[in-house]
Amino acid sequence: MRAVVIDEGGLRLDERPDPVPGDTELLIEVRAAGLNGADMLQRRGGYPSPPGVPADIPGLELAGEVIAVGHQVTRFSPGERVMGIVGGGAQAERCVIDESHALGVPEGLGWSEAGGFPETFCTAFDALFSQAALGAGERLLVTGAAGGVGTAAVQLAHAAGAVVVASVRDERSRGALVPLGADEVIGPDEVPARGPYEVVLELVGAASVPAALGALATGGRVVVIGIGSGGEVQFHLGQLMALRARISGSTLRARDRTAKAVVVEAVRRHVVPNLAAGRLRVPVAETFGLDEAERAYERFAAGGKVGKIVLVAR
Ligand SMILES: NC(=O)c1ccc[n+]([C@@H]2O[C@H](COP(=O)([O-])OP(=O)(O)OC[C@H]3O[C@@H](n4cnc5c(N)ncnc54)[C@H](OP(=O)(O)O)[C@@H]3O)[C@@H](O)[C@H]2O)c1
94 MRAVVIDEGG
104 LRLDERPDPV
114 PGDTELLIEV
124 RAAGLNGADM
134 LQRRGGYPSP
144 PGVPADIPGL
154 ELAGEVIAVG
164 HQVTRFSPGE
174 RVMGIVGGGA
184 QAERCVIDES
194 HALGVPEGLG
204 WSEAGGFPET
214 FCTAFDALFS
224 QAALGAGERL
234 LVTGAAGGVG
244 TAAVQLAHAA
254 GAVVVASVRD
264 ERSRGALVPL
274 GADEVIGPDE
284 VPARGPYEVV
294 LELVGAASVP
304 AALGALATGG
314 RVVVIGIGSG
324 GEVQFHLGQL
334 MALRARISGS
344 TLRARDRTAK
354 AVVVEAVRRH
364 VVPNLAAGRL
374 RVPVAETFGL
384 DEAERAYERF
394 AAGGKVGKIV
404 LVAR
């Protein structure tokens, strides 16, 4: 098979043997694989793959057809359309995925949307509801809201009845957030004035956290998911005490098989039906072929996009 391979910070298409599915795994003919911030980091040597996945083939999410299954697989059969999360290796013509990390692709959903769905919607759903316990009527701030995770979070929170404030730095992207369910779209410098927020989904990191903390409501929860602008901030612990506030953080990739399966199962039950019904969508800013991975990564890193960049089989 052909695979995108990281080679001393560059990307090239290389021939690799097809992966062999383990007992609980599916072998997938990959039709689409979304890009994520983690791929940019891994390419620079900053985010090594967990054990058991290819060390130099990036890609955390995919959609495609099942072409073979392991002995203990019970939920999927060859020929089915699936999408899901992997620890790496998705940016290739074939990839293996544990069946508990895979979801059926709703009828009518295109490959590029399906390939850009799993990592971002799993991350956003887990952060908003499992970690922050976002409730209907609560005021949510999503920072970096125009990206893959942000556009997922805005839609999920709107569907759950929250009041969604989307912070977007690129003015050209702001208009896209209202149709996705944002009640207010603001620039990062407006964050303090538009508070207080019961929940903050922090997708930007150090450049954004101090303003968000300063505008937190009593009992507020901050969930840190992205630290692209830096990971070190200084604040007075008394701020948390006075507000009875909580800050938490998480990553999806580092979780064990069972913990990932719990997230995927929650998304299967609570999110996929809304995707199938057209109440949620995956905004895809641009697609590239596997042989255009270098350009795709440049596009991702350049910013100013709404939603996902996805590699597709052509
Ligand atoms: N913890 C996890 O499990 C997990 C899972 C998925 C993603 N992540 C992380 O979460 C973050 C968001 O992911 P994503 O896929 O949504 O990335 P993305 O598509 O690149 O979106 C990031 C958004 O943040 C904005 N942004 C970046 N730096 C900013 C700054 N200094 N000030 C204001 N806005 C800024 C970007 O704006 P521009 O377009 O103007 O650059 C973009 O709209 C990334 O850091 C990613 O690595 C974590």
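Just so it is clear: in the sequence shown, position 241 is 334 by this note's numbering, and no numbers are missing.
Just so you know, even glycine gets a beta-carbon here, dropped at the ideal spot from N, CA and C.
- Comparing alpha carbon positions, the residue from G181, M176, E158, L155 closest to M133 is G181.
- At least one heavy atom of ligand 1 sits closer than 7 Å to the Cβ of E212.
- Relative to ligand 1, even the nearest heavy atom lies 7 Å or more away from the CB of S223.
- Each residue's CA atom was taken as its position, placing F222 and V97 some 34 Å apart.
- Ligand 1 never approaches G152 closely enough for any of its heavy atoms to be under 7 Å from the residue's Cβ.
- Look at G103 here: in three-state DSSP terms it is strand.
- In the DSSP assignment, A354 falls outside any beta strand (DSSP E) and within the unbroken alpha helix (DSSP H) covering 350-363.
- DSSP, reduced to helix, strand and coil, places F214 within a helical segment of the structure shown.
- Here the segment 366-377 makes contact with the segment 196-211; the two share three or more CB pairs at distances below 8 Å.
- Short of 7 Å from the beta carbon of P303, and not among the five residues preceding or following it, lie these beta carbons of its own chain, in chain order: V326, F328.
- DSSP places F381 in the strand class (E or B) of the three-state scheme.
- Distance from the CA atom of A300 to the CA atom of L128, rounded to whole angstroms, is 23 Å.
- Boundaries of the beta strand (DSSP E) around M176: 174-178.
- Here L196 is near G177, since their CB atoms are less than 8 Å apart.
- In terms of Cβ geometry, A220 and V316 form a close pair [threshold 8 Å].
- Less than 8 Å separates the beta-carbon of E122 from that of G157.
- Looking at the backbone, the Cα of R174 and that of V159 are separated by about 7 Å.
- For A245, the three-state secondary structure derived from DSSP is helix.
- DSSP, reduced to helix, strand and coil, places V326 outside both helices and strands of the structure shown, so it counts as coil.
- Contact between G241 and K401 holds: their C-beta atoms lie close to 5 Å from each other, under 8 Å.
- Excluding five sequence positions before and after P199, the CB atoms of its chain that fall closer than 7 Å to its own CB belong to V365, L368, A369, given in chain order.
- With the rule of 3 Cβ pairs closer than 8 Å, the segment 240-254 counts as touching the segment 288-296.
- Each of V297, A338, R124 was checked against the Cα of T311, and the nearest Cα belongs to A338.
- V261 is positioned such that its CB atom lies closer than 8 Å to that of A239.
- Sorting E101, G103, L233, A394 by C-alpha distance to the C-alpha of L309 places L233 at the top.
- Note: I190 is bridge-paired with L119 in the DSSP secondary-structure output.
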